[in-house]
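In the numbering used here, the protein residues as written are 781 to 1031.
Glycine included, every Cβ here is placed at the ideal spot set by N, Cα and C.
Note sheet for the following structure.
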Amino acid sequence: MMRLQQYIARCGVTSRRKAEELMTQGRVTVNGKFIRELGFKVDAAKDAVKVDGKLLRKETPVYIIMHKPEGCVCTVADEKERRTVLDLLPVHVVDKGRLFPVGRLDYNTTGCLFLTNDGDWANRITHPKYKVDKVYMVKLKGRADTKQLDRLKRGVTVDGVYVKAKEAAPIHKNEQNDVLRMVITQGLNHQVKNMCAAVGLSVVRLKRESVGKVSVAGLKPGEFRYLTRDEIDTFAPLKKEVKPREKKKRP
């Protein structure tokens, strides 16, 4: 037996938190009955669980790392009919489960991208409370001075949200361009580009080298491989639920 929201996440529909929202919105049924109780448990072998009327089936978890190339979007489908990251995978891989990208990289941003059908695992990587490192190589138009780098590390406001770089340092310099190594733990849309713009820097090329301890090294643009058990378990400490602090009783 497992909690209903956990089962929904393991079926690759969404994260556990989003599954709870689906339940409270009255979009989930078990054996024909709407279930809104977050503590409700199901037997995966016996119970018929549906979301928006569609029957769920627990899939074998799939974990992939891809070196995302330029010119494709990080979505399952695209209204503009642009190439998606799923289009780069062989049909037999896509057919293993309802794969989706873990987070997003911009259309022309390259580098490390995970794909999975495990919504719970994906949430533990993307949710900002877990503070998973994302390492980027950032090619600038022009040079970055010390004040600009310090501002990135102190923090800037982007779309009303305060964000900062865990690290921002030049790794290559020439007369026309600097290349920075930039580490962030949040994952807002266009975050690196917007942070740089906030301090007067323009990004001409962006590559994500790694997420957590898992690197895209060894893969050419467009190539992928399955994550090893050790790489999947790199995020194992994140599986522990954050326990609420106990309130101290006054003497």
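Query: On the DSSP bridge list, what partners appear for ILE964?; Result: LYS914
Query: Is the beta carbon of VAL842 less than 9 angstroms from the beta carbon of LEU784?; Result: no
Query: Using a 10 Å radius around the Cβ and a threshold of 16 neighbouring Cβ atoms, would you call GLU1021 buried or exposed?; Result: Below a pLDDT of 50, predicted positions are generally treated as unreliable, and GLU1021, at 45, falls in that range; the measurement from the model is reported next regardless. It is exposed - the Cβ of GLU1021 has fewer than 16 other Cβ atoms within 10 Å.
Query: To the nearest angstrom, how far is it from the Cα of LYS933 to the Cα of ARG961?; Result: 12 angstroms
Query: Should LYS1023 go down as buried or exposed, given a rule of 16 or more other Cβ atoms within 10 Å for buried?; Result: Note that LYS1023 scores a pLDDT of 45, beneath 50, so its modelled location is shaky and nothing firm can be said.
Query: Within the same chain, show all residues whose beta-carbon is closer than 7 angstroms to that of LYS798, passing over the 5 residues directly before and after it, in chain order.; Result: none
Query: Please return the same chain residues whose Cβ sits closer than 7 angstroms to the Cβ of LEU818, not counting the five positions on each side in sequence.; Result: GLN785, GLU800, MET803
Query: For a test of the three-state rule: what should DSSP assign to ASN974, helix, strand or coil?; Result: helix
Query: Under 8 angstroms from any heavy atom of the ligand SAM, does the C-beta of PRO950 make it?; Result: With respect to small molecules bound, the structure shown includes none, and the ligand SAM cannot be examined in it.
Query: Just checking, does the region 951–960 make contact with the region 918–925 on the three C-beta pairs under 8 angstroms criterion?; Result: yes
Query: Within 8 angstroms, do at least three Cβ pairs link the region 885–904 to the region 986–1006?; Result: yes
Query: From which residue to which residue does the alpha helix (DSSP H) around MET803 run?; Result: 796–804
Query: Helix, strand or coil: how does DSSP classify LEU784 here?; Result: helix
Query: Does the region 1007–1015 come into contact with the region 869–879, if we say contact requires no fewer than three beta-carbon pairs (one atom in each stretch) closer than 8 angstroms?; Result: no
Query: With a cut-off of 8 angstroms on the beta carbons, I'd call HIS847 and LEU1007 a contact; round off their distance for me.; Result: Contact flag wrong, Cβ pair sits at about 13 angstroms.
Query: Helix or strand or just coil, what does DSSP make of PRO841?; Result: coil
Query: Quickly, what does DSSP pair VAL996 with across the bridge? List them, please.; Result: Beta-bridge pairing links VAL996 to no other residue.
Query: Pull up the distance between the alpha-carbon of LEU866 and that of PRO881, whole angstroms please.; Result: 8 angstroms
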